[in-house]
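**Student:**
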Amino acid sequence: MTIDPQYSEKFETRHNGPDEAQVAAMLKVVGASSVDELIAQTIPANIRLKRELNLPAPVSEFEFLKQFKALAAQNRVMKSYIGMGYYNTITPPVILRNILENPGWYTAYTPYQAEIAQGRLEALINYQTMVIDLTGMQIANASLLDEGTAAAEAMHLLFAARKGAKKDAAVFLVDENVFPQTLDVLRTRSAPLGIELRVADINKTDITDVNIFGAFVQNPDSRGAIRDLSAFIAAA
18 MTIDPQYSEK
28 FETRHNGPDE
38 AQVAAMLKVV
48 GASSVDELIA
58 QTIPANIRLK
68 RELNLPAPVS
78 EFEFLKQFKA
88 LAAQNRVMKS
98 YIGMGYYNTI
108 TPPVILRNIL
118 ENPGWYTAYT
128 PYQAEIAQGR
138 LEALINYQTM
148 VIDLTGMQIA
158 NASLLDEGTA
168 AAEAMHLLFA
178 ARKGAKKDAA
188 VFLVDENVFP
198 QTLDVLRTRS
208 APLGIELRVA
218 DINKTDITDV
228 NIFGAFVQNP
238 DSRGAIRDLS
248 AFIAAA
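Here this note's numbering is used: the first residue of the sequence shown is 18, the next is one more, and so on.
(1) Apart from the five residues just before and just after Phe196, which ones in its own chain have a Cβ nearer than 6 Å to its Cβ?
(2) Between Ala168, Val191, Ile116, Gly241, which lies nearest to Asn7 when the distance is taken from Cα to Cα?
(3) Span of the beta strand (DSSP E) holding Glu193?
(4) Mapping the DSSP letters down to three states, classify Gly165 as helix, strand or coil.
(5) Is it the case that the Cβ atoms of Ile229 and Leu190 are separated by a distance below 7 Å?
(6) Among Lys96, Pro61, Glu164, Pro75, which has the Cα closest to the Cα of Val202?
(7) Going by DSSP, what residue range makes up the alpha helix (DSSP H) through Ala42?
(8) Between Tyr123 and Ala134, is the Cβ-Cβ spacing less than 7 Å?
(9) Considering only DSSP beta bridges, list what Glu213 is partnered with.
(10) Got a sec? Which residues, its chain only, sit under 7 Å from Leu246 by beta carbon, not counting five neighbours each side?
(11) Going by DSSP, what residue range makes up the alpha helix (DSSP H) through Ile56?
(12) Please list, in chain order, all residues of the same chain as Glu170 whose beta carbon is under 7 Å from its beta carbon, the five residues on each side excluded.
(13) Buried or exposed for Lys41, please, with buried defined as at least 16 other CB atoms from any protein chain shown within 10 angstroms of its CB.
(14) Does DSSP classify Ile116 as helix, strand or coil?
(15) Locate the beta strand (DSSP E) running through Ile229, then write down its first and last residues.
(16) For the candidate residues Val188, Arg206, Ala187, whose alpha-carbon lies nearest to that of Thr166?
(17) Quick one: what does DSSP say Tyr258 is sitting in, helix, strand or coil?
(18) Just verifying my parser: in three-state terms, what is the DSSP assignment at Ala251?
(19) In chain order, what residues of the same chain lie with their CB nearer than 8 Å to the CB of Met18, ignoring the 5 residues before and after it?
Structural data, given as C-alpha cells:
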C-alpha cells in the first residue's frame, strides 16, 4: 500500500479522524444519510444557528502564534491586591519544564476514566506522599478542585462519621476568619444535609460541645495571621 501524505498547514487536516467511508458507515448505523441530517435529528432547530459563522480565513500555525504573541505583548503585568486566597505565585523553572511543559503528565489517557490521564494519577500519588511526609499523617486524600470543595468534603466526611456521644450532633463550627468563598461553599453543601453552620471565634467557643461534630479552621487565616492552633486541636 502506498501512503501519499498530504501536507497542509490548516488545523483541520493535521489531526487524525474518520475518512469518508468511515463517516458513511457510522451514518448508516444511526440511520442518517448525511452529517447535516444527523445534526437535524439530534439538535433542536430552535437552538441551531441559521447562518454561517462569520470567521476570518484560516491561518498557519506560525501565523497564528505570531498574532497571538502580538496580542499577548499588549498585556501589562500589574500588582494584584485581590487577596482572599488569590495571590501572585512563583513557579520555579524546574517545575515549569518538567511538569507544566511536559506532555507526559497529561497525555496517555486511562482506558477506564476518560477525563484523567496516567500522568495526573502519578502526580496525585506524589502529592499524597508529600502531604503525608509533611503532616506525619497515615493517609492523605488525592486533592480536590479547590479549597471550598475540600472544606465541604471534609465537613461531609465528619458528618457521616459521627458516633458515640456525638452521633446526633448537627453543628459544624467554622472559624470567623475563613475566606468568604469557602464559607459560601460550606453553606451550599450544609443546607441539604441538615447541618447547622456556626460561624464564630474559635477562641470563644467550646469545641467540646456535644452538638458540634467538627470544625473548620483556616491557617493562615483570611487576615494573613498564622496562629498556634495546638491547644484548639488538642481540645477537639
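Backbone N, C-alpha and C define an ideal beta-carbon position, used for all residues, glycine too. Quick caveat, the model's predicted, so the values are computed rather than measured.
**Tutor:** In short:
(1) Within the sequence shown, residue 196 is the residue found at index 179, counting from 1. The beta carbon of Phe196 lies closer than 6 Å to those of Met101, Gly102, Ser239 in the same chain, with the five residues before and after it left out.
(2) This structure does not reach residue 7, given that the chain is present from 18 up to 253, and the question cannot be answered.
(3) Residue numbering aside, residue 193 sits at position 176 when the sequence shown is read from its first letter. Per DSSP, Glu193 lies in no beta strand (DSSP E) segment and is marked neither H nor E.
(4) As a working note, residue 165 is residue 148 in the sequence shown. Correct three-state label for Gly165: helix.
(5) By one-based count along the sequence shown, residue 229 stands at place 212. By one-based count along the sequence shown, residue 190 stands at place 173. Their beta carbons are under 7 Å apart, which means Ile229 touches Leu190 by this criterion.
(6) For the purposes of this step, residue 202 is taken as residue 185 along the sequence shown, with counting starting at 1. Taking only the C-alpha atoms, the option nearest Val202 is Glu164.
(7) Translated into the one-based positions of the sequence shown, residue 42 becomes position 25. Its alpha helix (DSSP H) spans residues 37-47.
(8) Counting from one through the sequence shown, the residue named residue 123 turns up at place 106. Counting from one through the sequence shown, the residue named residue 134 turns up at place 117. Less than 7 Å divides the Cβ of Tyr123 from the Cβ of Ala134.
(9) Sequence index remark: in the sequence shown, residue 213 carries index 196 (1-based). Answer by DSSP bridge pairing, in chain order: Val188.
(10) The residue labelled residue 246 in the question sits at position 229 within the sequence shown. Around Leu246: Val234, Asn236.
(11) As a position in the sequence shown, residue 56 is number 39, starting the count at 1. It spans 52-59 - the alpha helix (DSSP H) in which Ile56 sits, taken as one unbroken run.
(12) One-based indexing of the sequence shown puts residue 170 at position 153. Cβ-Cβ distances below 7 Å link Glu170 to Leu161 in the same chain, with the five nearest sequence neighbours on each side left out; the list follows chain order.
(13) Against the sequence shown, residue 41 aligns to sequence position 24. Per the sequence shown, the amino acid found at residue 41 is Ala instead of Lys. With fewer than 16 other Cβ atoms within 10 Å, it is exposed.
(14) Against the sequence shown, residue 116 aligns to sequence position 99. Helix.
(15) Within the sequence shown, residue 229 is the residue found at index 212, counting from 1. The continuous beta strand (DSSP E) containing Ile229 extends over residues 229-233.
(16) Mapped onto the sequence shown, residue 166 falls at position 149. The shortest Cα separation from Thr166 among Val188, Arg206, Ala187 belongs to Arg206.
(17) What is shown of the chain runs 18 to 253, which leaves residue 258 out entirely.
(18) Along the sequence shown, one-based indexing puts residue 251 at 234. Residue state for Ala251 is assigned as helix, using DSSP reduced to three classes.
(19) On the sequence shown, residue 18 is found 1 positions in, with the first residue counted as 1. Its pLDDT being 48, under 50, Met18 is placed unreliably in this model, and the coordinates cannot settle the point.
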